[in-house]
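All remarks here apply to the structure that follows.
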Amino acid sequence: MKIRCRFLILGLLLLTVLPQSLPAQTASSTPQQQVQPSQPTFQLNLDDQEYELPIQLLLTLTVLSLAPAIIILMTSFTRLVVVFGILRTALGTQQSPPTQVLIGLSLFLTFFIMYPVFQKVHDEALEPYLKGEIGQPVALERAEGPMKTFMLQQTREKDLLLFMDLAGQTSYARPSDVPLHVLVPAFVISELRIAFQIGFMLFLPFVLVDLIVASLLMSMGMMMLPPVMISLPVKLLLFVLADGWYLIVESIIRGYTG
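See the structure below:
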């Protein structure tokens, strides 16, 4: 389990290296004579175990396949996508905005929220590792620190104690000593709890609009007219007049940065 959790952190390092580690070629270099920048050779060495090249390639592909799980379970993506999904259901617009738009918005907002954390991982772990100043185990340990700090700030103590009890752990000397296999599920259920709380607050006014419209239609004897045909434009109008997207996005982001 510890090795798998380190695979997640290694995947995060691979994600952060893409926009940061593209070497710029000098203008004076010719196609025949180009100086190749020295980069550390990738050698998978976890728990003092060195693996052969085929196994390293297999484990590297495994890390890349786990990259979506890193984004979903160790960042703010879960809260964002759940809140936006509940909002679309409350509005009753079915497939508008499309799922691709909601996921894309959640992804870019996640990058915005997590940028300070990713930048710290890059400065303290990835960049020194690419320069050959530190080894892979040290880079992984340094990369875990900012991620653990972020997740601990958003994790409810009750949820963390639950998984500590299930793992047979009573306490840890430092917050950084909390293992990822305990911290990640506690962080996820805390995020789901907050997301459903926000979703309930979003759902309530739209339910009231539906009830009012249905009552008015029944009082007017228009029982054959679907209430959704009247309530949907009313809800959209109220949402636009209240500048709903601005308020929701602001409240979610301030929940992380405030």
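So in this note's numbering, the last one in the sequence shown is 244, and the numbering has no gaps at all.
Ideal Cβ placement from N, Cα and C applies to all residues, glycine included.
message = Using a Cβ-Cβ cutoff of less than 8 Å, which residues in the same chain neighbour ASP134 once the five nearest sequence positions on both sides are dropped?
response = Reading off the sequence, residue 134 comes out as Lys, not Asp. Excluding sequence neighbours, LYS134 sits near PRO161, SER162, VAL164, LEU166 and LEU169.
request  = Spatial neighbours of PHE136 within its chain, please: CB distance less than 7 Å, with the 5 preceding and 5 following residues excluded, ordered by chain position.
outcome  = VAL103
query = So, using beta-carbon positions, are ALA200 and PRO213 closer together than 7 Å?
reply = yes
inquiry  = Could you tell me which whole beta strand (DSSP E) segments of length 3 or greater appear in the stretch 134 to 179?
reply    = none
query = Are three or more beta carbon pairs between the stretch 61 to 71 and the stretch 94 to 112 nearer than 8 Å?
reply = yes
message = Quick check on the DSSP output: what are the complete alpha helix (DSSP H) runs of length 4 or more inside the stretch 100 to 124, in order along the chain?
response = 113 to 116
ask   = Taking buried to mean at least 16 other C-beta atoms within 10 Å of its own C-beta, is LEU194 buried or exposed?
value = exposed
request  = Out of LEU77, LEU50 and ILE184, state which residue places its alpha-carbon closest to the alpha-carbon of ILE216.
outcome  = LEU77
ask   = How about the stretch 169 to 184 and the stretch 67 to 85: do they share at least three Cβ pairs that are nearer than 8 Å?
value = yes
Beta carbon of SER176 nearer than 7 Å to that of THR141 = yes
query = Would DSSP call GLN80 helix, strand or coil?
reply = coil
task = Please say whether LEU73 and LEU245 have beta carbons closer to each other than 7 Å?
result = Since the first residue shown for the chain is -13 and the last is 244, residue 245 is missing from the structure and cannot be characterised.
query = Exposed or buried, LEU190, counting other C-beta atoms within 10 Å across all chains shown (16 or more means buried)?
reply = exposed
inquiry  = At the level of alpha carbons, what is the spacing between GLY131 and ILE198?
reply    = 51 Å
task = May I have the straight-line CA-CA distance separating LEU52 from PRO171, to the nearest angstrom?
result = 16 Å
inquiry  = With H, G and I counted as helix, E and B as strand and the rest as coil, what does DSSP make of PRO191?
reply    = helix
message = Relative to the C-alpha of THR243, which candidate in LEU146, TYR158 and GLN139 has its C-alpha closest?
response = GLN139
ask   = Just to confirm, are ARG128 and ALA153 a CB contact at a threshold of 7 Å?
value = no
inquiry  = Mapping the DSSP letters down to three states, classify ALA181 as helix, strand or coil.
reply    = helix
Residue interval of the alpha helix (DSSP H) (run including MET208) = That residue, MET208, is in no alpha helix (DSSP H); it is neither H nor E in DSSP.
inquiry  = Judging by CA-CA distance, which residue of TYR158, SER237 and VAL226 is the nearest neighbour of GLY185?
reply    = SER237
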